[in-house]
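In the numbering used here, the protein residues as written are 52 to 383.
A virtual CB, placed ideally from N, CA and C, is assigned to each residue, including glycine.
All values derive from a computational prediction rather than experimental measurement.
First comes the structure, then the notes that go with it.
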Ligand SMILES: Nc1nc2c(ncn2[C@@H]2O[C@H](COP(=O)(O)OP(=O)(O)OP(=O)(O)O)[C@@H](O)[C@H]2O)c(=O)[nH]1
Ligand SMILES: [Mg+2]
């Protein structure tokens, strides 16, 4: 893509053209050096978010029903006149291989809706890379006029906290199970939740679900509330049978109202931006280090002689950092 085409692409995005939106997201996901420069141009021209959108993170263990939940709740969102964008950060897809296809079929209804844009992001090998671009994808869909943005992520490891750091409301999905299961659930996942959903509360699992809800309610009592005036609801629902979904949507809207009125939403977004700035700066430094041939040679040389050269690793590393900073200084 050429620089002159960026203006057209920006116009396309802002006018809500789906092809342009998809193309813009592909551009920010690309790691090619020339694309990185173009995507910076693109992002500079579209950073217009005015805070009227709501960014929703949806997390939970693999197979708990996140995509099915989104398919159900998404329909309510659209019925209420919202424009919905769904972005999936999916580290499991590289393992299961079929997850992305699965997501598309599981959101069959939504994927046919004019008011909905769905973008499954292949994880590739670099999970960090995908998440870096997810923030930018959010900016793109917001510029295109989508006011409800859902980011789906599997609730394991780093991807979950990354998504937590780019959304306004964080929903954790769990499935019904006995007390044993609760013990096994890491406290961490519950600590992040603004809304807890016990999905699959139907069929054989229905009888378990009431106890599971109580267990989580009790577990939550032991935690310090994260948002003032908000007690985290635990909602039993069935995404397949569409039970309890309206209650979840109502909760999201109540949360949005609360944090918009008390200023928490903007405050939280500002903090996220500050964190993001630090992260990008660190990443930029690391990229520069990795691309610096002289430093890479120096590192390889030290590594080759690691068994025979005396001296502590810490001192050696310090030496590398100093020579890197020295090289940066010389550039000026
Ligand atoms: N009984 C029941 N099954 C459900 C419900 N929601 C989802 N499922 C089933 O659970 C399986 C996994 O659903 P998905 O929506 O793909 O789950 P997911 O959490 O998005 O999965 P990954 O993205 O692969 O982590 C599918 O077979 C669904 O039909 C529910 O409310 N009740
Ligand atoms: Mg899914």
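The beta-carbon separation of residue 281 and residue 124, rounded to 19 angstroms, does not stay under the 8 angstroms limit for a contact. Residue state for residue 289 is assigned as strand, using DSSP reduced to three classes. Closer than 8 angstroms to some heavy atom of ligand 1: that does not describe the Cβ of residue 284. For residue 221, the Cβ stays outside the 8 angstroms cut-off from all heavy atoms of ligand 1. A distance below 9 angstroms separates the beta carbons of residue 197 and residue 168.
Residue 296 sits away from residue 105, with the two beta carbons spaced by 9 angstroms or more. CA-to-CA, the gap between residue 306 and residue 138 works out to about 21 angstroms. For residue 274, no alpha helix (DSSP H) segment is defined, and its DSSP state is neither H nor E.
Under the three-state reduction of DSSP output, residue 195 falls in the coil class, being neither helix nor strand.
An exposed status is given to residue 337, since fewer than 16 other beta-carbon atoms sit within 10 Å of its beta-carbon. According to the DSSP assignment, residue 249 belongs to the beta strand (DSSP E) that extends over 246 to 249. When Cβ pairs closer than 8 angstroms are counted between the two stretches, the region 84 to 91 is seen not to touch the region 114 to 133, the count staying below three. Under the 10 Å beta carbon count, residue 219 is surrounded by 16 or more other beta carbons and is classified as buried. As DSSP reads the structure, residue 136 sits in a beta bridge with 168, 200. Pairing residue 227 with residue 269 gives a Cβ-Cβ distance that is not under 9 angstroms.
In the displayed model, residue 371 falls within a helix according to three-state DSSP.
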